[in-house]
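Only one structure is covered here, and it is reproduced in the block below.
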Amino acid sequence: MNYSLNLLTSTSDCDVVITKTEEEVSNLEFKKLVLERKKKSYSQRLAKVQTELLETQAELDTISSLIGSLEGQLKQQYESRKALLEVEKVRLEQRLVKLGPTALLVLEAEAELVQRQLDELNAFHSQVATHKGTL
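Sequential numbering from 814 applies to the sequence shown in the numbering used here.
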């Protein structure tokens, strides 16, 4: 992008802009690091939740198939366990939505925006430094 560098008429003007640019670059680099760690964490938690959901569903399927052949107290115990598993399944499905592909894509988009801002600020910094050399 072309900037109005001719508005910077002294090296001290350039120094002020360079300092502010460096601060913003530092802030954006930190934000990028946070987003990268968050993305990694989401990926790890997503895999864990998916595994737990599969295990819960498998146990739920097994218990559901057994309940019909049981009687008395044992049947009640299995029905109670089934109810708990159904609640757990709903909870895991909700977590999956929160951590799922959509959330990961949003993080990736945010990280890309931050990277583009960093690229533009670095180019701006370079142009100001070059302009400073001409003063």
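Heads up, the beta-carbon is just placed ideally off N, CA and C, and yes, glycines get one too.
No experiment lies behind these values; they were computed from the predicted model shown.
Could you please give the first and the last residue of the uninterrupted alpha helix (DSSP H) stretch that includes residue i?
i    : result
E884 : No alpha helix (DSSP H) holds E884; DSSP gives it neither H nor E.
S823 : Counting along the chain, S823 falls outside any alpha helix (DSSP H), and DSSP gives it neither H nor E.
A948 : Going by the sequence as given, residue 948 is Leu instead of Ala. Where L948 is concerned, there is no enclosing alpha helix (DSSP H), given that its DSSP letter is neither H nor E.
Can you look up residue i in the DSSP assignment and give me helix, strand or coil?
i    : result
N815 : coil
Could you tell me how far apart the beta carbons of residue i and residue j are, in whole angstroms, since I believe they sit closer than 8 Å?
i    : j    : result
L866 : K844 : At roughly 32 Å, the Cβ-Cβ gap does not stay under 8 Å, so L866 and K844 are not in contact.
L821 : H944 : 6 Å
L934 : T834 : 6 Å
I880 : K888 : 6 Å
Y891 : L883 : 6 Å
Open item on the list: Counting beta carbon pairs with one atom in the segment 851-858 and one in the segment 907-922, are three or more of them shorter than 8 Å?
Closed with: yes
- [ ] Assess, as a yes-or-no matter, whether the segment 920-938 is touched by the segment 839-851 under the definition of 3 or more beta carbon pairs within less than 8 Å.
- [x] yes
Task: the segment 925-945 touching the segment 822-840, judged by at least three CB pairs closer than 8 Å - done: The segment 925-945 makes contact with the segment 822-840: 3 or more CB pairs, one atom from each, lie closer than 8 Å.
Open item on the list: For the pair the segment 862-882 and the segment 892-912, tell me if three or more CB-CB distances fall below 8 Å.
Closed with: yes
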